[in-house]
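Protein chains in written order, with our numbering: chain Z, 8 to 121; chain W, 5 to 146. We put the CB at the ideal spot given by N, CA and C, even for glycine.
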């Protein structure tokens, strides 16, 4: 898992910014446990019922391997009061934010002047 | 066109052979570069891949124009199909819909209930606390 691996590798940079990394997928609990074991510094959330993805309008209909609904890769920055400060969705599933880009966004939207 | 050229040894080889190696190399270069890109953990759209595939098809087509042989026809068709598939994949097949809400900057995250990997509940209330949160919805093993 390149994306999660990169986040795990840079988790100290996020911790220095008083920022935790919460990663969410619609996979089942067993898969989530494996993911958590692989990436212990990330908070892994199993959105098996798609409650989070649906509430946030982040379902990608029929995009799963068997035509099922899956989450559309999206990154959201949320401050300590629970307020959304920034959102990113690429035009392509192949494009993900690099740790550097994400840290720059954190610096700009979450930690600047706060 | 299509005439065989004589080499110094008297063996007649079809013209345009010099286009074959570059054409095949270009066709292979795209996927090789993408594999290296992934290995370097760079997750960007590899537009160079279909571009190189298209260039490869053009070079092999030039070889075909100089000598119409069955292997060259197969090569052009194959490389052209692969390049077409690559363009389709990048332009259409991997496209994500633009985000239209309801999450909005300046507003609270919508209410939800999910589970952490250890089975405990995770809800919008857990987004408030001592730390900021980077929330990443991911898909698959990318």
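With DSSP collapsed to three states, give me the class of residue i.
i	result
residue 58 of chain Z	helix
residue 98 of chain Z	coil
residue 126 of chain W	strand
residue 113 of chain Z	helix
residue 78 of chain Z	strand
residue 98 of chain W	coil
residue 106 of chain Z	helix
residue 49 of chain Z	coil
Rank the options by C-alpha distance to the C-alpha of residue i and give the top, closest one.
i	options	result
residue 48 of chain Z	Z:57, Z:98 and Z:16	Z:16
residue 162 of chain W	W:135, W:121 and W:65	Only positions 5 to 146 of chain W appear in this structure, which leaves residue 162 of chain W out of reach.
residue 30 of chain Z	Z:61, Z:42 and Z:19	Z:42
residue 93 of chain Z	Z:83, Z:44, Z:45 and Z:22	Z:83
residue 32 of chain W	W:87, W:42 and W:138	W:87
residue 87 of chain Z	W:112, W:78 and W:35	W:112
residue 16 of chain W	W:58, W:48 and W:71	W:71
residue 68 of chain W	W:114, W:24 and W:138	W:24
residue 130 of chain W	Z:106, Z:90 and Z:111	Z:90
At what residues does the alpha helix (DSSP H) containing residue i begin and finish?
i	result
residue 23 of chain Z	18-23
residue 44 of chain Z	36-45
Let's see if you can read the secondary structure: which residues bound the beta strand (DSSP E) around residue i?
i	result
residue 151 of chain W	Since the first and last residues shown for chain W are 5 and 146, residue 151 of chain W lies out of range.
residue 31 of chain Z	26-32
residue 119 of chain Z	No beta strand (DSSP E) contains residue 119 of chain Z, which DSSP labels as neither H nor E.
residue 141 of chain W	136-141
Runs of alpha helix (DSSP H) lying entirely within the region 8-88 of chain W, each at least 4 residues, in chain order = 24-43 and 52-70
Under 8 Å (Cβ pairs) to chain Z, residues found in the region 101-121 of chain W | Listed by position along the chain: 101, 102, 103, 104, 105, 106, 107, 108, 109, 110, 111, 112, 113, 114, 115, 116, 117, 118, 119, 120 and 121.
Would you list, in chain order, the members of the region 14-26 of chain Z that have their beta-carbon closer than 9 Å to a beta-carbon of chain W?
-> Cβ contacts with chain W come from 14, 16, 21, 22, 24, 25 and 26.
Contact list for the region 58-73 of chain Z against chain W, Cβ threshold 9 Å | 58, 59, 60, 61, 62, 63, 64, 65, 67, 68, 70, 71 and 72
Could you list the residues in the region 31-64 of chain W with a C-beta less than 8 Å from some C-beta on chain Z, going in chain order?
-> 42, 45, 46, 47, 48, 49 and 50
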